[in-house]
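Chemist:
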Amino acid sequence: MNSVAFSPNGNYALTGSNDTTARLWNLQTLECKELIGHTSWVTSVAFSSDGSYALTGSDDYTIRLWNLKTLEYKELKGNCTLLIPVIFSSDGNYALVGLDDCTAHLWDLKTLKSKELKGHADAVRSLAFSPDGNYALTGSADCTARLWNLNTLESKELKGHTDAVRSLAFSFDGNYALTGSNDKTARLWDLNTLESTELKGHNNIIISVMFSPGGQYALTGSGDATARLWNLETLESKVLKGHKSCISSLAFSPEGNYALTGSWDNTARLWNLDTLGFQELKGHTDSIKSAAISPDGNYALTGSIDTNARLWHLPCLERLSLEQLLFVIRLNQSTFNLDGLEEQKLLESFEIVIGTLPKISNENYSTNLLVKAYIDMKRKQLLQAAAHDDVTTVAQLLKKGFCLNTCDKAGNTLWHYAFKGSKCKASEKVLELLVTLEGTVKGFNKVNKQGHTPYVQGLIYNKDFTQKFINDYCTC
Numbered sequence: 001m002n003s004v005a006f007s008p009n010g011n012y013a014l015t016g017s018n019d020t021t022a023r024l025w026n027l028q029t030l031e032c033k034e035l036i037g038h039t040s041w042v043t044s045v046a047f048s049s050d051g052s053y054a055l056t057g058s059d060d061y062t063i064r065l066w067n068l069k070t071l072e073y074k075e076l077k078g079n080c081t082l083l084i085p086v087i088f089s090s091d092g093n094y095a096l097v098g099l100d101d102c103t104a105h106l107w108d109l110k111t112l113k114s115k116e117l118k119g120h121a122d123a124v125r126s127l128a129f130s131p132d133g134n135y136a137l138t139g140s141a142d143c144t145a146r147l148w149n150l151n152t153l154e155s156k157e158l159k160g161h162t163d164a165v166r167s168l169a170f171s172f173d174g175n176y177a178l179t180g181s182n183d184k185t186a187r188l189w190d191l192n193t194l195e196s197t198e199l200k201g202h203n204n205i206i207i208s209v210m211f212s213p214g215g216q217y218a219l220t221g222s223g224d225a226t227a228r229l230w231n232l233e234t235l236e237s238k239v240l241k242g243h244k245s246c247i248s249s250l251a252f253s254p255e256g257n258y259a260l261t262g263s264w265d266n267t268a269r270l271w272n273l274d275t276l277g278f279q280e281l282k283g284h285t286d287s288i289k290s291a292a293i294s295p296d297g298n299y300a301l302t303g304s305i306d307t308n309a310r311l312w313h314l315p316c317l318e319r320l321s322l323e324q325l326l327f328v329i330r331l332n333q334s335t336f337n338l339d340g341l342e343e344q345k346l347l348e349s350f351e352i353v354i355g356t357l358p359k360i361s362n363e364n365y366s367t368n369l370l371v372k373a374y375i376d377m378k379r380k381q382l383l384q385a386a387a388h389d390d391v392t393t394v395a396q397l398l399k400k401g402f403c404l405n406t407c408d409k410a411g412n413t414l415w416h417y418a419f420k421g422s423k424c425k426a427s428e429k430v431l432e433l434l435v436t437l438e439g440t441v442k443g444f445n446k447v448n449k450q451g452h453t454p455y456v457q458g459l460i461y462n463k464d465f466t467q468k469f470i471n472d473y474c475t476c
């Protein structure tokens, strides 16, 4: 999959593939319709602002404008190989295409006529429309970017990079631009003065750049396997570190508090930009080329060379794997001082016994219950609890903003619920869960009397069950 995109309402997705087709996916039913017509790889896809039309760009040197109701298309022919994505203007009336003959073409999608944007001395590799649609940016292998007035077709040169400009973006107010280059730097441009500020920190080419929705931050993804979050007032950056190969694509959540990175290491990562903690999205077997977040922020879409696209439900990513644990704690005290925990340190383990329930351990099961909790201090999450009756500890953890996951005997997460704040009395009840060998979750009150026994099958994330448990056992 070379390119993926969400529709503006988030109900559909587009994917473009090396099999010469694009596909329109209904994200409710996961049924798809093939967009057939290209004769070579489909390298880019885009939705119009109202979701009624799609653009596809291909190595067959053509662009196609698709009516997504009828699946009929109109062909926009070029003379050279397309190097970069085709993009819609904000009003959906124009398309912009970059070519390897040093030009870009502006297509009027009503008349199907194009105007040539000429001025670069090498192939055009990156494009962007201004939010109001009156201007465009083009980045080229000639080490420059150009700002085009689309009414007059006149351009101003943005000069400063020493190697190819391969990515660029407009700020949401249209007053600033970001450019990323093979010279390992990004630049922040004031489009009124054409002056630029260098953003330096990566040690390999910059592949992708983005402004945050609020415009106070920028995100850069690099061949050095890191992304950087830049404060555009102080020009200081924080490193998003964890990938093992170059970062090919970036996306911000609508609120700007999360970012998505896709990498050639076959994974994507969802980053909390406050804590710099992340969730790893594993499943692809080859490099990820494209990634996007839905308009409502609930889903991510990734496209990979493994010929698959994957749709990720982001709230469910709170179900973490044991690979991310920093602490393993077995508690036997009625009080426990969380402030005594230090990061990167494995704490001593303790055991406590509750009744005669089966013991949960890695090797054998005796007549006693092994109580254990896993805590990730970096992400501030209480990840798993096999059982617990220490109300004081629970309250301390949740007052500090921790989240809870319960697990079965194999350590698999059964369900997740985040408690925000200390006012909820559920804080005193949540860890009074006992997980039996059969994988059933049983609720116990403070004197260990058995309550209802709702059942959770295996690894299924059951939102209805979660809410039912909260309603049945937790009084907020």
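Under this note's numbering, the first residue of the sequence shown carries the number 1, and numbering increases by one thereafter. Beta carbons are placed, not taken as given, at the ideal position from N, Cα and C, and that holds for glycine. Just so we're clear, the structure is a prediction, and the values are computed from it rather than from any experiment.
1) What first and last residue would you give for the beta strand (DSSP E) that runs through Met-210?
2) Rounded to whole angstroms, what is the Cα-Cα separation between Ser-3 and Tyr-12?
3) Based on the DSSP secondary-structure assignment, which residues constitute the bridge partners of Trp-264?
4) I need the straight-line Cα distance from Asn-204 to Asn-231, nearest angstrom please.
5) Among residues of its own chain, excluding the 5 on either side of Ala-104, which ones have a beta-carbon nearer than 7 Å to its beta-carbon?
6) Using the Cα positions of Ala-22 and Ser-181, report the straight-line distance between them to the nearest angstrom.
7) Within the same chain, show all residues whose beta-carbon is closer than 7 Å to that of Thr-285, passing over the 5 residues directly before and after it, in chain order.
8) Would you mind sorting Gly-37 into buried or exposed? The rule is 16 or more other CB atoms within 10 Å of its CB.
9) Who are the near neighbours of His-202 in its chain, counting only those whose CB is closer than 6 Å to its CB and skipping five residues on each side?
10) Using DSSP's beta-bridge definition, name the partner residues of Asp-108.
11) Can you tell which of Ser-304, Glu-280, Ser-253 has the C-alpha that lies nearest to the C-alpha of Asn-298?
12) Mind reading off the beta-carbon distance from Ala-291 to Ala-268? Whole number of angstroms is fine, and I expect it under 8 Å.
13) Output the boundary residues of the beta strand (DSSP E) element that contains Thr-15.
14) Relative to the alpha-carbon of Ala-136, which residue among Thr-20, Asp-60, Leu-191, Pro-213 has its alpha-carbon at the smallest distance?
15) What does a CB cutoff of less than 7 Å around Leu-65 pick up in its chain, not counting 5 residues either side in sequence?
16) Measure the CB-CB distance between Ser-249 and Ile-288 and report whether it falls below 8 Å.
17) Please report how far the alpha carbon of Glu-496 lies from the alpha carbon of Leu-24, in whole angstroms.
18) Pick from Gly-262, Glu-154, Pro-213: whose alpha carbon is nearest that of Gly-256?
19) Quick check on the DSSP output: the beta strand (DSSP E) that includes Glu-72 runs from which residue to which?
20) So, helix, strand or coil for Leu-314, using DSSP?
21) Buried or exposed for Asn-259, going by 16 or more other Cβ atoms inside 10 Å?
22) What is the rounded straight-line gap between the Cα of Leu-14 and the Cα of Trp-312?
23) Among Val-86, Gly-303, Leu-235, which one has its Cα closest to the Cα of Ala-46?
24) Could you tell me the distance, in whole angstroms, from the CA atom of Thr-179 to the CA atom of Arg-187?
25) Taking Cβ positions, are Ser-155 and Leu-147 nearer each other than 8 Å?
26) What is the DSSP secondary structure of Asp-190, reduced to helix, strand or coil?
27) Run through DSSP, which three-state label would Cys-102 get?
28) I need the straight-line Cα distance from Glu-157 to Pro-295, nearest angstrom please.
29) Distance check for Asn-26 and Lys-69, CA to CA, integer angstroms please.
30) Exposed or buried, which one is Asn-445 when buried takes at least 16 other CB atoms within 10 Å?
31) Where does the unbroken beta strand (DSSP E) through Ser-167 begin, and where does it stop?
32) Leaving out the 5 sequence neighbours to the left and right, which residues in its chain are closer than 6 Å to Gly-10 when beta-carbon positions are compared?
33) What number of angstroms, rounded off, separates the C-alpha of Leu-276 from the C-alpha of Leu-240?
34) Quick check on Lys-282 - is its C-beta less than 8 Å from some C-beta in chain D?
35) Measure the C-alpha to C-alpha separation of Tyr-217 and Asn-175 and round it to an integer number of angstroms.
36) For Phe-172, count the other beta carbons within 10 Å of its own beta carbon; 16 or more makes it buried, fewer makes it exposed. Which is it?
Modeler: In short, the structure shows the following:
1) What you label residue 210 is simply residue 210 of the sequence shown in a count that begins at 1. Residues 206-211.
2) Position 3 of the sequence shown holds residue 3. Position 12 of the sequence shown holds residue 12. So the alpha carbons of these two residues sit roughly 14 Å apart.
3) On the sequence shown, residue 264 is found 264 positions in, with the first residue counted as 1. Answer is none; Trp-264 lacks a bridge partner.
4) As a first step, residue 204 is located in the sequence shown; it is residue number 204 there, counting from the start. As a first step, residue 231 is located in the sequence shown; it is residue number 231 there, counting from the start. About 20 Å.
5) Position 104 of the sequence shown, counted from the first residue, corresponds to residue 104. Result list for Ala-104: Leu-96, Val-97, Gly-98, Leu-117, Val-124, Leu-127, Thr-138, in chain order.
6) Here residue 22 is taken as the residue at index 22 of the sequence shown, counted from 1. Here residue 181 is taken as the residue at index 181 of the sequence shown, counted from 1. Each residue's alpha carbon lies about 29 Å from the other.
7) Locating residue 285 in the sequence shown gives position 285, counting from the first residue. So the qualifying residues of the chain are Asn-266, Asp-306.
8) The count along the sequence shown starts at 1 and reaches residue 37 at position 37. Buried is the call here.
9) Against the sequence shown, residue 202 aligns to sequence position 202. Hits under 6 Å: Lys-184, Ser-222, Asp-224.
10) Numbered from 1 along the sequence shown, position 108 holds the residue referred to as residue 108. Beta-bridge pairing links Asp-108 to Tyr-94, Lys-113.
11) The count along the sequence shown starts at 1 and reaches residue 298 at position 298. Of the listed residues, the one whose Cα sits closest to Asn-298 is Ser-253.
12) Taking the first residue of the sequence shown as 1, we reach residue 291 at position 291. Taking the first residue of the sequence shown as 1, we reach residue 268 at position 268. With a Cβ gap of about 5 Å, Ala-291 and Ala-268 count as contacting.
13) Here residue 15 is taken as the residue at index 15 of the sequence shown, counted from 1. Per DSSP, Thr-15 belongs to the beta strand (DSSP E) from 12-16.
14) Counting from one through the sequence shown, the residue named residue 136 turns up at place 136. Measuring from the Cα of Ala-136, the nearest candidate turns out to be Leu-191.
15) What you label residue 65 is simply residue 65 of the sequence shown in a count that begins at 1. So the list reads Tyr-53, Leu-55, Tyr-73, Lys-74, Leu-76, Leu-109, once near-sequence residues are dropped.
16) Residue numbering aside, residue 249 sits at position 249 when the sequence shown is read from its first letter. Residue numbering aside, residue 288 sits at position 288 when the sequence shown is read from its first letter. A contact, by the Cβ cut-off of 8 Å.
17) Summary: the structure shown does not reach residue 496, with the chain confined to residues 1 through 476, and so no result is reported for it.
18) Residue mapping note: residue 256 aligns to position 256 of the sequence shown, counting from 1. When each option's Cα is compared against that of Gly-256, the closest is Pro-213.
19) As a first step, residue 72 is located in the sequence shown; it is residue number 72 there, counting from the start. Here Glu-72 belongs to no beta strand (DSSP E), and DSSP marks it neither H nor E.
20) Along the sequence shown, read from residue 1 onward, the residue named residue 314 stands at position 314. Leu-314: helix per DSSP, three-state reduction.
21) In the sequence shown, the residue the question calls residue 259 occupies position 259. As written in the sequence, residue 259 is Ala, which differs from the Asn given in the question. It counts as buried.
22) By 1-based counting over the sequence shown, the position of residue 14 is 14. By 1-based counting over the sequence shown, the position of residue 312 is 312. When rounded, the distance between both Cα atoms is 15 Å.
23) Here the question's residue 46 lines up with position 46 in the sequence shown. Cα-wise, what sits closest to Ala-46 is Val-86.
24) Position 179 of the sequence shown, counted from the first residue, corresponds to residue 179. Position 187 of the sequence shown, counted from the first residue, corresponds to residue 187. So the alpha carbons of these two residues sit roughly 5 Å apart.
25) Residue 155 sits at position 155 when you count from the first residue of the sequence shown. Residue 147 sits at position 147 when you count from the first residue of the sequence shown. In contact: Ser-155 and Leu-147 (Cβ atoms closer than 8 Å).
26) Working through the sequence shown from its first residue, we reach residue 190 at position 190. Here Asp-190 sits in strand by DSSP.
27) Locating residue 102 in the sequence shown gives position 102, counting from the first residue. DSSP places Cys-102 in coil when its eight states are reduced to three.
28) Along the sequence shown, one-based indexing puts residue 157 at 157. Along the sequence shown, one-based indexing puts residue 295 at 295. Those two C-alpha atoms are separated by around 33 Å.
29) On the sequence shown, residue 69 is found 69 positions in, with the first residue counted as 1. On the sequence shown, residue 26 is found 26 positions in, with the first residue counted as 1. The alpha-carbon atoms of Lys-69 and Asn-26 are separated by roughly 13 Å.
30) Taking the sequence shown and counting its residues from 1, the one referred to as residue 445 is at position 445. Confidence is the limiting factor: at Asn-445 the pLDDT is only 27, short of 50, which leaves the residue's position unreliable, though a coordinate-based value still follows. Per the 10 Å Cβ criterion, exposed.
31) Numbered from 1 along the sequence shown, position 167 holds the residue referred to as residue 167. It spans 165-170 - the beta strand (DSSP E) in which Ser-167 sits, taken as one unbroken run.
32) If you number the sequence shown from 1, residue 10 lands on position 10. Answer for Gly-10: Ser-294, Pro-295, Asp-296, listed in chain order.
33) Within the sequence shown, numbered from 1, the residue matching residue 276 stands at position 276. Within the sequence shown, numbered from 1, the residue matching residue 240 stands at position 240. Taking the straight line joining both Cα atoms gives about 7 Å.
34) Included in the structure is just one protein chain, with no chain D present.
35) Position 217 of the sequence shown, counting from 1, holds the residue named residue 217. Position 175 of the sequence shown, counting from 1, holds the residue named residue 175. Taking the straight line from one Cα to the other gives about 14 Å.
36) Sequence index remark: in the sequence shown, residue 172 carries index 172 (1-based). Per the 10 Å Cβ criterion, exposed.
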